[in-house]
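**Student:**
Numbering (our numbering), first residue to last: 74 to 229.
1) Could you work out which residue in 141, 133, 215, 200 is closest to residue 179 when comparing CA atoms only?
2) Out of curiosity, what's the CA-to-CA distance linking residue 160 and residue 93?
3) Suppose only complete runs of 3+ residues qualify. What are the beta strand (DSSP E) ranges in the segment 180-207, listed by chain order?
4) Measure the beta-carbon distance from residue 213 to residue 138 and round it to whole angstroms, keeping in mind my assumption that it falls under 8 Å.
5) Rounded to whole angstroms, how far is the Cβ of residue 209 from the Cβ of residue 165, which I believe are closer than 8 Å?
6) According to DSSP, simplified to helix, strand and coil, what is residue 150?
7) Looking at the unbroken beta strand (DSSP E) that takes in residue 96, where does it start and where does it end?
8) Cα separation between residue 130 and residue 219?
9) Nearest by alpha-carbon distance to residue 163: which of 99, 223, 100 is it?
10) From which residue to which residue does the beta strand (DSSP E) around residue 133 run?
11) Rounded to the nearest angstrom, what separates residue 186 and residue 198 at their Cα positions?
12) Can you list, in chain order, the residues of its chain with a C-beta nearer than 8 Å to that of residue 148? Leave out the 5 residues immediately preceding and following it.
13) When we look at the beta-carbon of residue 183 and count the other beta-carbons within 10 Å, is it buried (16 or more) or exposed?
14) Could you tell me which residues DSSP puts in a beta bridge with residue 139?
15) Just to confirm the assignment, what range does the beta strand (DSSP E) spanning residue 165 have?
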């Protein structure tokens, strides 16, 4: 497959909270360099080697604060998370999953392995093995507030 269609992922993210007090949308941008400057173009398709930035945008449409939010961003198949590319415009706990969202951990994610000599050692799991990202904002979201969470993946 030369190109990956991002539309199904966009549909999933856009409709996730469409009918409640919390609205959300996901935007996808192709990240390129032109004349030494980073250029972003809205896209729905990507090719191997492309870098895509996802923007998860949440708005509180209610008249009261909303708490208990967990913002989760998927790492699509055939892509790899780019280390240290996640950001949020508010203070939030950032965790990652390496098991399709069954559990989330703080970085760096480590695992214990046993070497050929029988000795146990800790290894750091590569960010390219992440399957989902999660942010939990410290203060929820206030009425009328818009929060944005960003991260990048590379198409394999």
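Just so it is clear, CB atoms sit at the ideal spot from N, CA and C, and this is done for glycine as well.
**Tutor:** Reading off the structure:
1) 200
2) 25 Å
3) 183-187, 193-197
4) 5 Å
5) 6 Å
6) coil
7) For residue 96, the enclosing beta strand (DSSP E) covers residues 95-107.
8) If you draw a straight line from the Cα of residue 130 to the Cα of residue 219, it is about 7 Å long.
9) Ranking 99, 223, 100 by Cα distance to residue 163 puts 223 first.
10) Here the beta strand (DSSP E) through residue 133 covers 124-133.
11) Each residue's alpha carbon lies about 11 Å from the other.
12) 154, 203, 204, 205, 206, 226
13) exposed
14) Within the DSSP secondary-structure output, residue 139 pairs in a beta bridge with 214.
15) 165-170
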